[in-house]
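Enquirer: The structure follows.
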Amino acid sequence: MSVSLLELSKLVDGVVLGDDNCLINSVATLSAAEEGQISFLSNSKFKKKLNDCAASAIILKDSDKDEFSKNCIIVTDPQLAYAKIATRLHPLAKASNQIHSSAVIAQTAKLDASCSVGANSVIDENAIIGKNVIIGAGCYIGCDAVIAVDTRIYPNVVIKHGSLIGKRCIIDSGTIIGSDGFGNANDNGTWVKIPQIGIVIIGDDVQIGSNVVIDRGAIENTVISDGVIMDNLIHVAHNVIIGENTAVAGCVGIAGSTRIGKNCMFAGQVGISGHIEITDNVTCTGAANVFQSVKEPGVYSSGTPLEPFKQWQKSNFRFKKLDEMARQIKNLEKIILELKK
Amino acid sequence: MSVSLLELSKLVDGVVLGDDNCLINSVATLSAAEEGQISFLSNSKFKKKLNDCAASAIILKDSDKDEFSKNCIIVTDPQLAYAKIATRLHPLAKASNQIHSSAVIAQTAKLDASCSVGANSVIDENAIIGKNVIIGAGCYIGCDAVIAVDTRIYPNVVIKHGSLIGKRCIIDSGTIIGSDGFGNANDNGTWVKIPQIGIVIIGDDVQIGSNVVIDRGAIENTVISDGVIMDNLIHVAHNVIIGENTAVAGCVGIAGSTRIGKNCMFAGQVGISGHIEITDNVTCTGAANVFQSVKEPGVYSSGTPLEPFKQWQKSNFRFKKLDEMARQIKNLEKIILELKK
Amino acid sequence: MSVSLLELSKLVDGVVLGDDNCLINSVATLSAAEEGQISFLSNSKFKKKLNDCAASAIILKDSDKDEFSKNCIIVTDPQLAYAKIATRLHPLAKASNQIHSSAVIAQTAKLDASCSVGANSVIDENAIIGKNVIIGAGCYIGCDAVIAVDTRIYPNVVIKHGSLIGKRCIIDSGTIIGSDGFGNANDNGTWVKIPQIGIVIIGDDVQIGSNVVIDRGAIENTVISDGVIMDNLIHVAHNVIIGENTAVAGCVGIAGSTRIGKNCMFAGQVGISGHIEITDNVTCTGAANVFQSVKEPGVYSSGTPLEPFKQWQKSNFRFKKLDEMARQIKNLEKIILELKK
């Protein structure tokens, strides 16, 4: 597939400088690009790489163009334009309209004729699989689950009974949607499991990475809103609600019944306690621990800096004495005040 | 299924106030409940919700009943009573007594006639599957594994060779039991794998969440005792021993050869070093790091508070100087002592 | 299988003291060993156990042998010798040279006649499976993936399209290689997925544990070099490069585009930020957070100590005041200096 620079520029509201008719077949990095490829410069810091770049065209900001005299598309956000152009040049496969002969489909399941189901996948009773849905090999789709149009489920995913998955979602391999929440009551030392009778509701345009787990609700439901994006190995406990377009990076854990706002960003390994509320537009940096509700938008962090082991041992020893140190300082202040008199 | 309030009350050693014969068919929250449903009030804080609740009956403590004049079951622990009543009204499915035609069962495997095996599951040589065991779709049960009566294995679980799983366990999807421990010896810079020849032994009434990994022992075994409950995405390394009724929340990591007592509770993302011992009745709060043995029961924590990013940068900068600060304080004390003289 | 002590000693460049012809059939711990078994003493601390040990022979250091008069193999590194001897006595199964009838193999896939493929596994278009490769049950091997000789893939693994896996690797169950990286551009609040068109390249002799996720590159590739060993539940984001023989323990998360050197060691739950560089021979202790590049070899740590909950609350309260405390100290120093005058 080759697409003209002009056509690509229209896709991203950009302006072509150079040859409108130049044909592009794929994307590449500034340093690896060859003839027929398009690259992009997002960070002006790397401007100097432009002249050595062998790409047929480059996506860049107006402010970076002076250093560059070959074909380019001028846009306000090169990374966003790159995302759109790369999607045009490297489209996801279409549904094959085939159900593999080894797939096991319950008689009561309803599959649109346009969907595809991979080898050895299992679709259980009363599940509904929408138009153009692609289900990879080795998946299990539980009873009464509903998967809406254009959603892609990659190999070895489990969608448990009753889960509702929106349109145009992508769920990557090894992910489990709708597993039992961790709900137990204590009966004189032994644990009594509390039936988890809620479901998981996932909105439209949600991306979920690999080996993620999203628990079903205990009584009410776990809700992932439209446009949420999630990386790998994330734990979402029962009854969590995540607002629209929030981004969750790898290894994040979110405990039960917590409600997270819209447009939040959680970096890798962030831990979020249960039964708290995080408002819209909150960003947490890597490995931050959110033990209490966050009521103001902004960027938050926790944790301590990396130190050489021996220095860290000293810092750690002193950390335990912090309260004592604070009281020592207060005491010194008192004595000095008296001395001054 | 409908059950009378009287019958439900007997299940939980409770006392009915109101209509003994009132029929209940399901559970719901205080705010969502409708006629025919039962709800519960565990936290007295939400007492005010009682009067607006449309449930046919409510489970509550004696001390909360004065505000409420409709049908109720009086118990000492409403959450525990709810767990038992919900289990009665929403029972888990029984074994279907069927082995799906697509399942691949080794000739030497022994399956009780009452068990069920889902589509495309694989049971390998000499595995023994007990009475009423339910194995979901897409599972792999390794050679010589033994799964005792009434245990449920959800879709896409892997139980490796030799693993012994007790009675009435629940193992949720994507979990791997008996994978190789991380044992290597270093040979002039390159790693030599140490064969992992132990097994995993899991007691009775153990619950294990989704995408958990429990490694087999290196020479001796990894042991999960009776009544242990585990959430999702937990890592249990080789030769770990976990005592009875200990609860482990999501994303916890337990390094090799560590021995954990009974009735412990580990909140989400707790990290536990290898080769240490944690006594009975230890609770660790979220994301705590347990680097050393814990010899006294109690509640333990580590970590630092969430702060706005800029404030955190300052705290972090000072953390590295803690030892210096402590010495400065000591020095000031000395000088002041001299000044006072 | 029984092997003479002499033959075992040659395997590890060791010297037999006692009966060269003593036959050994398996390994065991010092305390559990019986006749016909071999054990090892690595830590001199446990010397006293030697005399009660019923093993037919013991692997130990020359400096520990005085306390022991029975059969032994003297070596410089007993743990390494144990690894090699255990591998000899407990070898991994050989490829069975069989493709299970339930496996689904694409017509364009090329499988060496010596490899074995487990039940219900799926091998997609143009995949190439090398000599003696063993693929367990329930795996999915994507289009164009290449798996080199003697590599073992355990049950329920997913290797996505285009991934290149080296020789003699072991990939444990539930692991996903080549899933989409977490790449998105923000378009006025909504996320636009960036196609992930790179691949994963895994070198020779790499060990990967269970439920690990290694993302494919965004444009360029994610690279795991020869001899790297990885434990369970590890997240490796797109475009990460890990150098030779680096060891990564359980629950570690490595963010995108980070480059890690050779012979590094990361303990459990370490978190590593994106777009940084870590030089060779860096060791990070458990749960350390690496937010910045590490340019000098050595041992690094971060985090705070475990404390009883109430003491921790105090330390945490003071942590937020650290900057204030530092300024108070400085102020006191000033005042005292003046007083002294």
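Chains as they are written, first to last, in our numbering: chain A, 1 to 341; chain B, 1001 to 1341; chain C, 2001 to 2341. In this text, a Cβ means the ideal position worked out from N, Cα and C, and glycines have one as well.
Could you list which residues in chain C have their beta carbon closer than 9 Å to that of Pro1305/B, in chain order?
Expert: Asn2316, Phe2317, Phe2319, Lys2320
Enquirer: Cβ closer than 7 Å: which chain B residues qualify as neighbours of Ile2214/C?
Expert: What Ile2214/C touches in chain B: nothing, since even the nearest Cβ is about 15 Å away.
Enquirer: Step through the CB atoms of chain A and report whether any lies within less than 8 Å of the CB of Ile2224/C.
Expert: no
Enquirer: What are the uninterrupted segments assigned as beta strand (DSSP E) that are 3 or more residues long and contained completely in the region 2256-2308 of chain C, given in chain order?
Expert: With a minimum length of 3 residues, the continuous beta strand (DSSP E) runs that stay inside the region 2256-2308 of chain C are 2282-2284, 2298-2301.
Enquirer: So, at 6 Å on beta carbons, what are the nonlocal neighbours of Ile2171/C in its own chain, with the 5 sequence-adjacent residues on each side left out?
Expert: Excluding sequence neighbours, Ile2171/C sits near Ile2153, Val2157, Ile2208.
Enquirer: With a threshold of 8 Å between beta carbons, is His235/A in contact with chain B?
Expert: yes
Enquirer: For the beta strand (DSSP E) containing Ile1201/B, name the first residue and the last one.
Expert: 1200-1202
Enquirer: Would you list, in sequence order, the uninterrupted beta strand (DSSP E) runs of no fewer than 3 residues that lie entirely inside the region 2013-2063 of chain C?
Expert: 2015-2017, 2037-2040, 2057-2060
Enquirer: Cα separation between Asp2052/C and Ile2135/C?
Expert: The straight-line gap from Cα to Cα measures roughly 43 Å.
Enquirer: With DSSP as the reference, identify every bridge partner of Ser210/A, one or two as the case may be.
Expert: Ser210/A pairs with nothing; no bridge assigned.
Enquirer: Determine the burial state of Asn2316/C: buried for a count of at least 16 other Cβ atoms within 10 Å of its Cβ, exposed for fewer.
Expert: Residue environment: Asn2316/C is assigned as buried (16 or more neighbouring CB atoms within 10 Å of its CB, all protein chains considered).
Enquirer: Run the CB neighbour count on Met2230/C, radius 10 Å, all protein chains shown included, and call it buried at 16 or more, exposed below.
Expert: buried
Enquirer: Can you round the beta-carbon distance between Cys2264/C and Ile2278/C to whole angstroms, since I take them to be within the 8 Å contact cut?
Expert: That pair is a contact at about 6 Å.
Enquirer: State the beta-bridge partners of Met325/A as determined by DSSP.
Expert: Answer is none; Met325/A lacks a bridge partner.
Enquirer: Less than 8 Å separating the beta-carbons of Glu2130/C and Ile2147/C?
Expert: Just to set this straight, residue 2130/C is Gly in the shown sequence, not Glu. Taking 8 Å as the Cβ cut-off, Gly2130/C and Ile2147/C qualify as a contacting pair.
Enquirer: Are there 16 or more other CB atoms within 10 angstroms of the CB of Val342/A, so buried, or fewer, so exposed?
Expert: This structure gives no information on residue 342/A, because the portion of chain A shown stretches from 1 to 341.
Enquirer: What residue range is occupied by the uninterrupted alpha helix (DSSP H) comprising Thr1076/B?
Expert: Looking at the DSSP string, Thr1076/B is not in any alpha helix (DSSP H), and its letter there is neither H nor E.
Enquirer: How should Gln2037/C be labelled, buried or exposed, when 16 other C-beta atoms within 10 angstroms of its C-beta is the threshold for buried?
Expert: buried
Enquirer: Could you tell me the boundaries of the beta strand (DSSP E) in which Lys2193/C lies?
Expert: Counting along the chain, the beta strand (DSSP E) containing Lys2193/C begins and ends at 2190-2193.
Enquirer: In chain order, what residues of the same chain lie with their CB nearer than 7 Å to the CB of Ser1210/B, ignoring the 5 residues before and after it?
Expert: Its chain contains Asp1172, Ser1173, Gly1174, Thr1175, Asn1232 as the residues whose beta carbon lies nearer than 7 Å to that of Ser1210/B, once the 5 sequence neighbours on both sides are disregarded; these appear in chain order.
Enquirer: Taking the continuous beta strand (DSSP E) assigned at Ser179/A, which residues delimit it?
Expert: Ser179/A -> beta strand (DSSP E) spans 176-179.
Enquirer: Does the structure place the region 2179-2198 of chain C close enough to the region 1192-1209 of chain B that three or more beta carbon pairs sit under 8 Å?
Expert: Contact between the region 1192-1209 of chain B and the region 2179-2198 of chain C is absent: fewer than 3 CB-CB pairs across the two stretches fall below 8 Å.
Enquirer: With distances taken between CB atoms, is the gap from Ala2127/C to Asp2144/C smaller than 8 Å?
Expert: yes
Enquirer: At a CB-CB cut-off below 8 Å, which residues of chain A make contact with Glu1333/B?
Expert: Gln328, Leu332
Enquirer: Who are Ser2004/C's beta bridge partners in DSSP?
Expert: Leu2023/C
Enquirer: Going by Cα to Cα distance, which pick from Lys2047/C, Asn2043/C, Lys2070/C, Asp2013/C is closest to Glu2035/C?
Expert: Lys2070/C
Enquirer: Compare the C-beta of Met1325/B against all C-beta atoms of chain C and say whether one is closer than 8 Å.
Expert: yes
Enquirer: Can you name the start and end residues of the beta strand (DSSP E) that Asn2239/C belongs to?
Expert: Taken as a continuous stretch (DSSP letters only), Asn2239/C belongs to no beta strand (DSSP E), as it is neither H nor E.
Enquirer: Under a CB-based cut-off of 8 Å, is Lys1084/B close to chain A?
Expert: yes
Enquirer: Leaving aside the five residues before and after Asn2132/C along the sequence, list all residues of the same chain whose C-beta is less than 7 Å from its C-beta, in chain order.
Expert: Ala2095, Ser2114, Cys2115, Val2149, Asp2150
Enquirer: Just the Cα atoms here: how many angstroms apart are Leu339/A and Glu333/A?
Expert: 10 Å
Enquirer: From His1161/B, Gly1298/B, Leu1306/B, pick the residue whose C-alpha is nearest to that of Ala1109/B; which is it?
Expert: If we check each option's Cα against that of Ala1109/B, His1161/B comes out closest.
Enquirer: Using a C-beta to C-beta distance shorter than 8 Å, which residues of chain A count as neighbours of Ala2054/C?
Expert: The contacting residues do not exist; Ala2054/C stays about 39 Å from chain A at best.
Enquirer: Do Asn245/A and Gly2189/C come within 8 Å of each other at the CB atom, strictly closer than that value?
Expert: yes
Enquirer: Among residues of its own chain, excluding the 5 on either side of Val299/A, which ones have a beta-carbon nearer than 6 Å to its beta-carbon?
Expert: Thr283
Enquirer: Taking C-beta pairs closer than 7 Å, name the residues in chain A that Thr2285/C reaches, listed in chain order.
Expert: Phe309
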